[in-house]
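Worksheet: one structure, shown below.
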Amino acid sequence: MTEPLHSTSPADAARLFALIPCAGSGSRAGTAQPKQYQPVAGRPMVLHTLAAFAGVSRLTACLIAVAPDDRFGWQVNAPFLIAHCGGSTRAATVLNGLTALQEQGAQSDDWVLVHDAARPCVDVAMIERLMAEVGDDVAGGLLAVPVADTLKLCDEHGRVRQTVPRDGLWQAQTPQMFRHRLLLDALDFAPQVTDEASAIESLGLTPRLVAADISNLKVTYPQDLKLAEWILRSRQATPPGATHG
Numbered sequence: 001m002t003e004p005l006h007s008t009s010p011a012d013a014a015r016l017f018a019l020i021p022c023a024g025s026g027s028r029a030g031t032a033q034p035k036q037y038q039p040v041a042g043r044p045m046v047l048h049t050l051a052a053f054a055g056v057s058r059l060t061a062c063l064i065a066v067a068p069d070d071r072f073g074w075q076v077n078a079p080f081l082i083a084h085c086g087g088s089t090r091a092a093t094v095l096n097g098l099t100a101l102q103e104q105g106a107q108s109d110d111w112v113l114v115h116d117a118a119r120p121c122v123d124v125a126m127i128e129r130l131m132a133e134v135g136d137d138v139a140g141g142l143l144a145v146p147v148a149d150t151l152k153l154c155d156e157h158g159r160v161r162q163t164v165p166r167d168g169l170w171q172a173q174t175p176q177m178f179r180h181r182l183l184l185d186a187l188d189f190a191p192q193v194t195d196e197a198s199a200i201e202s203l204g205l206t207p208r209l210v211a212a213d214i215s216n217l218k219v220t221y222p223q224d225l226k227l228a229e230w231i232l233r234s235r236q237a238t239p240p241g242a243t244h245g
């Protein structure tokens, strides 16, 4: 860890931090190493993720929360920080990462963007859209996409129990953006959640949903690696000045 960042004074605008939980084993991906370090489109997956955050001009610091025994061989410069504070669950890793950010000078009202290490296709435009639409919303917000497919609830035998109406259903993504103190309190209150927004919801708040797109996928299964490879390779082939969806 580096020397603590200078604390912000009350007159300063809230700062922006990123927190990347990067301590999971990723066993469902079928890789020989933690999936966040699996090569995709020419480099370890997590480095694609960090490249997006490197392009966010408002970012004060980005803390990567890795396992205590992580041996990746990190070589990072400011604004990136490495903290060997990974826990047994994602929520524990995020909670430990928030504490590490606090030790680095993060204040209660500063914003924290929590993003999965294994979402390598996020880009600067998505991150900045989230920041712009959340604004000063007291409940924060998250990237998400409306559910497009028909949903089936199955029984223990793999047969359809019922069709679930998809109206109003969204699939949560990351980054998820909340005030530092609020998120710390929420995870203390609801430590078993699988995403940060669920912890905020447990306090009775309703985070804002910010529309993203399906390219911001989380790599979970082997086939996801192939899709992420295709998305990233297609972006690398896009001529300068062109856009990608």
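In this note's numbering, the protein residues as written are 1 to 245.
Glycine is no exception: its CB is placed at the ideal position from the N, C-alpha and C atoms.
Mind checking residue i: buried by the 16 CB within 10 Å criterion, or exposed?
i: residue 117; result: buried
i: residue 230; result: exposed
i: residue 155; result: exposed
i: residue 226; result: exposed
i: residue 73; result: exposed
i: residue 134; result: buried
i: residue 120; result: buried
Could you tell me which residues DSSP puts in a beta bridge with residue i?
i: residue 80; result: 62
i: residue 104; result: DSSP lists no partner for residue 104.
i: residue 141; result: 177, 208
i: residue 44; result: 39
i: residue 192; result: Looking at the DSSP assignment, residue 192 forms no beta bridge with any residue, so it has no partner.
Using a threshold of 8 Å, state whether the C-beta atoms of residue i and residue j are closer than that.
i: residue 111; j: residue 189; result: no
i: residue 65; j: residue 193; result: no
i: residue 147; j: residue 214; result: no
i: residue 165; j: residue 97; result: no
i: residue 46; j: residue 33; result: no
i: residue 60; j: residue 15; result: yes
i: residue 153; j: residue 159; result: no
i: residue 58; j: residue 108; result: no
i: residue 281; j: residue 19; result: Look at the range of the chain in this structure, 1 to 245, and you will see that residue 281 is not part of it.
i: residue 63; j: residue 78; result: no
i: residue 52; j: residue 23; result: no
i: residue 212; j: residue 126; result: yes
i: residue 233; j: residue 41; result: yes
i: residue 186; j: residue 203; result: yes
Give me the Cβ distance between residue i and residue j, rounded to the nearest whole Å; I'm assuming they're in contact under 8 Å.
i: residue 136; j: residue 172; result: That belief does not hold up - the Cβ atoms of residue 136 and residue 172 are roughly 22 Å apart, past 8 Å.
i: residue 174; j: residue 115; result: 4 Å
i: residue 170; j: residue 209; result: 5 Å
i: residue 140; j: residue 200; result: 6 Å
i: residue 143; j: residue 216; result: 6 Å
i: residue 122; j: residue 49; result: 6 Å
Within 8 Å (strictly less), CB to CB, does residue i reach chain C?
i: residue 185; result: Among the protein chains of the structure shown there is no chain C, as only one such chain exists.
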